[in-house]
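First up is the structure itself, then whatever we jot down about it.
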Amino acid sequence: MARTSGRSGTTAGSAPGAPRPRLPVAGRRGTGAAPGGDGAAGTTPSPDAVTTDAVTTDARLAALFGLRGDGWLRHANPVSVWVRFAVVPLIVLSIWSRRWIGPRSLLPLAASLVFMVVEPLLFPPPRSTRNWASRGVFGERIWADRNVVDLPEQFRSTAVPNTTYAFQFAGLAVLARGLVVFDLKSVVGGLLLVQCAKAWFIDRMVLLFGTMAERDPRYASWEY
């Protein structure tokens, strides 16, 4: 959810043999920016033009994980999305392993955390983005820039995303307790809650991207 560059006409990389989709971002909220007559990507707000208050927490986290420009397209690889769901179980298993191997459990834990950081950029751009996982990532990109993008009315409220976050945090709390006291039921229950809430959030982002793609051909061009 990092901001895209201010250069117009920027295109994203794609897998060999696949068309190179454009990676546009709509203009500032309220500007009514429309695609250029030649179908080229619109100009995004420059980094200097976007105030600190306009940058969302989601965008800062995306930047932390290297999600800028083509990084978003790599992250939209459905394999990357599904592998991301495996990261939390890997961390959980690493922490639980202290019951068997004691302090040596720090090694798999460190490896899991490193994997979590680099995973978004491990995979190449997908051969096709016409799938639930890729659309979810595109929706996440739009949502991260919600302070500078004119969202449809039904998506401007943060109620549903915040609800999914609340369920994820609740699941993490249950999960953490289970790991502290080695309660398998709490671990499994908390993990399921976290994963289901994450899937709910992604599904909401799929709806957001679908609506934006219907409104603006520049977003529709992200699919190929």
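Heads up, the sequence shown is in the numbering used here, so the first residue is 178 and it goes up one at a time. C-beta: ideal position from N, C-alpha, C; glycine also. Just so you know, these numbers come straight off a predicted model, no measurement behind them.
Quiz item: Mind checking whether residue 335 and residue 374 have CB atoms under 8 angstroms apart?
Solution: no
Exercise. Report buried or exposed for residue 361, applying the criterion of at least 16 other Cβ atoms within 10 angstroms of its Cβ.
Key: exposed
Practice problem: Quick one: grab the DSSP three-state call for residue 296. | Solution: helix
Quiz item: Ends of the alpha helix (DSSP H) at residue 339?
Solution: 336 to 358
Quiz item: Of the residues 306, 265 and 304, which one's Cα is nearest the Cα of residue 289?
Solution: 265
Quiz item: So, is residue 339 buried or exposed, given that buried needs 16 or more other C-beta atoms within 10 angstroms?
Solution: exposed
Practice problem: Check residue 400 in the structure and name its three-state DSSP category. | Solution: coil
Practice problem: Could you have a look at residue 280 and say whether DSSP puts it in helix, strand or coil? | Solution: helix
Practice problem: Report the three-state DSSP secondary structure of residue 370 (helix, strand or coil). | Solution: helix
Quiz item: Taking the alpha carbon of residue 297 as the point to measure from, which residue in 333, 257 and 329 has its own alpha carbon closest?
Solution: 257
Self-check item: Alpha-carbon spacing of residue 358 relative to residue 272, whole angstroms
Solution: 12 angstroms
Practice problem: Please state if the CB of residue 320 and the CB of residue 270 are separated by a distance shorter than 8 angstroms. | Solution: no
Self-check item: Under 8 angstroms between C-beta atoms of residue 315 and residue 388
Solution: no
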